[in-house]
Amino acid sequence: MNGGSEIGVVVLEGMSMLVKYWMKSNPFTVSPETLVIDAQKIMRQHRIRRLPVMKGSRLVGIVTLAGLREAQPSKATSLSVHELNYLLAKMTVGEIMSREVITCSPEMTMEKAAVRGTKYGVGALPVLDNGKLVGIITESDIYRAFLQMLGATYKDSVRITLDNFPREQDDIIRVIEILNGLRGLLVSLTLIDDVPLVGRRELVFRVQNVNVEALVAGLQNKGYTVSNVSRAD
2 MNGGSEIGVV VLEGMSMLVK YWMKSNPFTV SPETLVIDAQ KIMRQHRIRR
52 LPVMKGSRLV GIVTLAGLRE AQPSKATSLS VHELNYLLAK MTVGEIMSRE
102 VITCSPEMTM EKAAVRGTKY GVGALPVLDN GKLVGIITES DIYRAFLQML
152 GATYKDSVRI TLDNFPREQD DIIRVIEILN GLRGLLVSLT LIDDVPLVGR
202 RELVFRVQNV NVEALVAGLQ NKGYTVSNVS RAD
């Protein structure tokens, strides 16, 4: 509340940013003894690119589509087609899987999961709850979560970027008050520091149900630099 007027904000329902709300539960798995050709069939059939490798109830590795392809003999090999097919038919997941698996927990935030995946250069994290595999979170799931967090999935919304935004907290309140004066709805708001230049700060927010031209004019009249206005697809 400010001066007796309510600030219009859209609450993003069901948008808890924890891994457990975005992961794929009960993922398909294989064992170290699973044949590579069978693992390929599972991936192809279900359109997935990673399979956790289980030994009983214990996670012992992970195999990826890229890893399966790399494990196949080179076309430049001197082996005959018959010999190649024989080798491929006998090769098991245990021979090619990655044994050092980067995991996360269901209670981890999506931000931390994204940081962990980026740090270790992996596109998926098996989700363990007290050592038990309960799901898998992939880069696609993380993209989906962040798109919703940023309000990009809201139709008829408008994204506005303010460049060289001040570091005083009051300026954020002032921007929201300008929007509130036009009875607009705030879908999301993000401060971005040092990207792409050190010392640069942007305020990026998404709005609905507002006269965009009037909002831009109001922001500019208060001295803010509106560097971009774009509508949702």
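In this text, residue positions in the sequence shown follow this note's numbering: the first is 2, and each later residue adds one.
The C-beta atom is built at its ideal place from N, Cα and C for all residues, glycine as well.
C-alpha gap between residue i and residue j, whole angstroms
{"i": "E71", "j": "I137", "result": "23 Å"}
{"i": "L126", "j": "L60", "result": "12 Å"}
{"i": "I193", "j": "G185", "result": "23 Å"}
{"i": "K56", "j": "E140", "result": "25 Å"}
{"i": "E112", "j": "S58", "result": "28 Å"}
{"i": "G200", "j": "P167", "result": "11 Å"}
{"i": "R117", "j": "Q221", "result": "39 Å"}
{"i": "Y22", "j": "S106", "result": "12 Å"}
{"i": "K42", "j": "G68", "result": "14 Å"}
{"i": "V20", "j": "R45", "result": "25 Å"}
{"i": "K120", "j": "A40", "result": "27 Å"}
{"i": "I49", "j": "V123", "result": "15 Å"}
{"i": "P28", "j": "T65", "result": "14 Å"}
{"i": "L198", "j": "I38", "result": "48 Å"}
{"i": "A218", "j": "T30", "result": "56 Å"}
{"i": "L180", "j": "H47", "result": "46 Å"}
Distance CB(residue i)-CB(residue j) smaller than 8 Å
{"i": "T226", "j": "D172", "result": "no"}
{"i": "T104", "j": "L36", "result": "no"}
{"i": "P33", "j": "G132", "result": "no"}
{"i": "S26", "j": "V135", "result": "yes"}
{"i": "T191", "j": "V205", "result": "yes"}
{"i": "A233", "j": "K156", "result": "yes"}
Residue i - containing alpha helix (DSSP H), residue span
{"i": "N27", "result": "No alpha helix (DSSP H) holds N27; DSSP gives it neither H nor E."}
{"i": "I43", "result": "37-47"}
Own chain, CB closer than 6 Å to residue i, minus 5 neighbours either side, in chain order
{"i": "R207", "result": "G152, S158, R160, V188, S189"}
{"i": "A115", "result": "I143"}
Endpoints, beta strand (DSSP E) assigned at residue i
{"i": "L134", "result": "133-139"}
{"i": "N181", "result": "It is not in any beta strand (DSSP E) - N181 instead sits in the alpha helix (DSSP H) that spans 170-182."}
{"i": "L192", "result": "186-194"}
{"i": "N212", "result": "Careful: N212 lies outside any beta strand (DSSP E) and carries neither H nor E."}
{"i": "T162", "result": "159-164"}
{"i": "T226", "result": "226-232"}
Close-in-space but distant-in-sequence residues of the same chain around residue i (CB under 8 Å, 5 per side omitted)
{"i": "I63", "result": "R51, L52, P53, V54, M98, S99, V102, A125, P127"}
{"i": "S228", "result": "T162, L163, D164, E203"}
{"i": "M18", "result": "T110, M111, E112, A146, M150"}
{"i": "L129", "result": "L60, T104, C105, S106, V135"}
{"i": "M24", "result": "P107, V128, V135, G136, I137, I138, D142"}
Other residues of its chain near residue i: CB distance less than 7 Å, five sequence neighbours each side excluded
{"i": "N210", "result": "G185, L186"}
{"i": "N212", "result": "L183"}
{"i": "A215", "result": "L183"}
{"i": "D195", "result": "R201"}
{"i": "T154", "result": "L148"}
{"i": "K223", "result": "R175, I179"}
Cutoff 8 Å: residue i Cβ touching any chain D Cβ
{"i": "V199", "result": "Within the model displayed, chain D is absent; a lone protein chain is all it includes."}
Any non-hydrogen atom of the ligand SAM closer than 7 Å to residue i Cβ
{"i": "V217", "result": "Although the ligand SAM was asked about, the structure shown includes no ligands whatsoever."}
Practice problem: Could I get the ranges of all uninterrupted alpha helix (DSSP H) runs contained in the stretch 51-131, with 4 residues as the minimum, in chain order? | Solution: Counting whole runs of 4 or more residues, the stretch 51-131 contains the alpha helix (DSSP H) stretches 66-72, 82-91, 94-97, 111-121.
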